[in-house]
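J.: Numbering-wise (the working numbering), the sequence shown opens with residue 42 and increments by one.
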Amino acid sequence: MKNEKVSARLINYIQDDGNLKEEGIQILLSTLNQFNQILTSYPEIEVMGFATAVIRQASNKEAILNAMKLQIDCPFRLLSEYEEAYYGYVSVVNAIDIDDGFTIDIGGGSTEITLFKDRELIENVSFPFGAVSLDRRFPCDHELTVAHLEKIHFFLIEMFKKHPWLTNQNAPIIGIGGTARNVGRVHQAAKKIEQPVMSYAEVSRVLMEIASIPVQDRGKIKGLSKKRKDIIIPGILIILALMEESQAPYFMPIDQSIREGLLCDLYLKDQ
42 MKNEKVSARL
52 INYIQDDGNL
62 KEEGIQILLS
72 TLNQFNQILT
82 SYPEIEVMGF
92 ATAVIRQASN
102 KEAILNAMKL
112 QIDCPFRLLS
122 EYEEAYYGYV
132 SVVNAIDIDD
142 GFTIDIGGGS
152 TEITLFKDRE
162 LIENVSFPFG
172 AVSLDRRFPC
182 DHELTVAHLE
192 KIHFFLIEMF
202 KKHPWLTNQN
212 APIIGIGGTA
222 RNVGRVHQAA
232 KKIEQPVMSY
242 AEVSRVLMEI
252 ASIPVQDRGK
262 IKGLSKKRKD
272 IIIPGILIIL
282 ALMEESQAPY
292 FMPIDQSIRE
302 GLLCDLYLKD
312 Q
């Protein structure tokens, strides 16, 4: 399987009126053109495109989707909030042997959480904040104080309390996507372990280690992607707030993402 990724951070180009501004659209189209060049090496494969939270949230989503279809010759489907959460759940239950738990996928502009029991999806929610948009609301590119971190934490707890099924479930949290992977890799590098299963205290330790280092110097932290050094703090705070609210016994990041969930679902439907 070939895995190519570009971090476009389109959420930074959403204007006050809700439109994705032209600069963001051009970055998106340029990125699609890069993928189109890669696809020329695979003329026999079927290509499908999926758009997620940032496009879904944009007021000019129809114009964006039309421009995308002109840029790259493949069908694009705009995932609903439910679908984005659902495919994260599918990714997890097809990757690990676990009966009950939460899944969390922290993107740039949204955070999807599901609750499953006996491997069946019970609840799901898509929050309109992610690592990038939370950093825009509560900037974390300066010297971080306890008061600033607590301000973000209280905001997150307030958001989570609006969904009672998140409270006191005592179920583990399985993290997918880049934020979760980076938290796990920093912990792995520090502890020299293979599979990170992290307690609340261990996730907090990763937070404090990263927060104590200026953004420009975080590239030296083993396990932390340089592309995430400026947005990792809000992402970790989301994990910690959910662990606190749900009373999760542990957090376990895995290498899967929504892509694997989509592929699993397509494969199972073909059987």
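For every residue, glycine included, the Cβ atom is placed at its ideal position computed from N, Cα and C.
Just so we're clear, the structure is a prediction, and the values are computed from it rather than from any experiment.
Going along the chain, which residues of its own chain have a beta-carbon closer than 6 Å to the beta-carbon of Q312, five neighbours each way excluded?
T.: What you label residue 312 is simply residue 271 of the sequence shown in a count that begins at 1. For Q312, where only same-chain residues beyond five positions count, there are no Cβ hits under 6 Å.
J.: I'd like to confirm the pairing. Which residues does DSSP put opposite P255 in its beta bridges?
T.: Working through the sequence shown from its first residue, we reach residue 255 at position 214. Answer by DSSP bridge pairing: none, since P255 is not bridged.
J.: Pick out the complete beta strand (DSSP E) segments inside the segment 177-251, 3 residues or longer, and give them in chain order.
T.: Within the segment 177-251, the complete beta strand (DSSP E) runs of at least 3 residues are 214-217.
J.: What first and last residue would you give for the alpha helix (DSSP H) that runs through F76?
T.: As a first step, residue 76 must be located in the sequence shown, where it is residue number 35. F76 -> alpha helix (DSSP H) spans E63 to L80.
J.: Helix, strand or coil for E85 per DSSP?
T.: Translated into the one-based positions of the sequence shown, residue 85 becomes position 44. DSSP places E85 in coil when its eight states are reduced to three.
J.: Judging by CA-CA distance, which residue of I299, L304, E63 and N135 is the nearest neighbour of G218?
T.: Counting from one through the sequence shown, the residue named residue 218 turns up at place 177. Comparing Cα positions, the closest option is I299.
J.: Just to confirm my understanding: we take L197, look at its own chain, exclude 5 residues before and 5 after, and list those with CB closer than 7 Å. What are they?
T.: Against the sequence shown, residue 197 aligns to sequence position 156. Correct list, in chain order: L278, I279 and A282.
J.: Looking at the secondary structure, which residues open and close the alpha helix (DSSP H) in which V95 lies?
T.: Sequence index remark: in the sequence shown, residue 95 carries index 54 (1-based). That run of the alpha helix (DSSP H) goes A94 to Q98.
J.: Considering only their Cβ atoms, is the gap separating F179 from I193 smaller than 8 Å?
T.: Position 152 of the sequence shown, counted from the first residue, corresponds to residue 193. Position 138 of the sequence shown, counted from the first residue, corresponds to residue 179. Yes, these two residues count as a Cβ contact at 8 Å.
J.: Can you tell me whether E125 is buried or exposed? The criterion is at least 16 other CB atoms within 10 Å of its CB, across all chains shown.
T.: In the sequence shown, the residue the question calls residue 125 occupies position 84. E125 is buried by the Cβ-count criterion.
J.: Any chance the segment 231-245 sits against the segment 135-145, with 3 or more Cβ pairs inside 8 Å?
T.: No, they do not touch.
J.: So V227 and G264 are in contact, right, with Cβ under 8 Å, and what is the actual spacing, rounded?
T.: For the purposes of this step, residue 227 is identified with residue 186 of the sequence shown, where counting begins at 1. For the purposes of this step, residue 264 is identified with residue 223 of the sequence shown, where counting begins at 1. About 4 Å separates the two Cβ atoms, so the contact holds.
J.: Helix, strand or coil for S287, going by three-state DSSP, please let me know.
T.: Residue numbering aside, residue 287 sits at position 246 when the sequence shown is read from its first letter. Correct three-state label for S287: helix.
J.: Just list the residues that DSSP pairs I273 with in beta bridges.
T.: In the sequence shown, residue 273 corresponds to position 232, counting from 1. Looking at the DSSP assignment, I273 forms no beta bridge with any residue, so it has no partner.
J.: Just the C-alpha distance for V133 and Q56, rounded to the nearest angstrom, thanks.
T.: The residue you call residue 133 lines up with position 92 of the sequence shown. The residue you call residue 56 lines up with position 15 of the sequence shown. Computed Cα separation, rounded: 34 Å.
J.: Quick check: the Cα distance between K267 and G260, rounded to an integer number of angstroms?
T.: Start at 1 with the first residue of the sequence shown, and residue 267 comes out as number 226. Start at 1 with the first residue of the sequence shown, and residue 260 comes out as number 219. Going by the C-alpha atoms only, they are around 5 Å apart.
J.: Going by Cα to Cα distance, which pick from G90, L111 and P84 is closest to Q67?
T.: For the purposes of this step, residue 67 is identified with residue 26 of the sequence shown, where counting begins at 1. That would be L111, whose Cα lies nearest to the Cα of Q67.
J.: Please go through the same chain and pick out, in chain order, the residues whose beta-carbon is closer than 8 Å to the beta-carbon of I214, but skip the five residues on each side of it.
T.: Taking the first residue of the sequence shown as position 1, residue 214 is located at position 173. Cβ neighbours of I214 beyond the five flanking positions: G142, F143, T144, I145, I280, L283, M284, S287, A289, Y291, F292 and M293.
J.: E153 and G129 - do their beta-carbons sit closer together than 8 Å?
T.: Working through the sequence shown from its first residue, we reach residue 129 at position 88. Working through the sequence shown from its first residue, we reach residue 153 at position 112. Result yes, Cβ atoms of G129 and E153 sit closer than 8 Å.
J.: Between which residues of its own chain and D49 is the CB-CB distance below 6 Å, once the five residues before and five after are set aside?
T.: One-based indexing of the sequence shown puts residue 49 at position 8. The sequence shown places Ala at residue 49, rather than the Asp named in the question. Only I68 and T72 meet the Cβ criterion.
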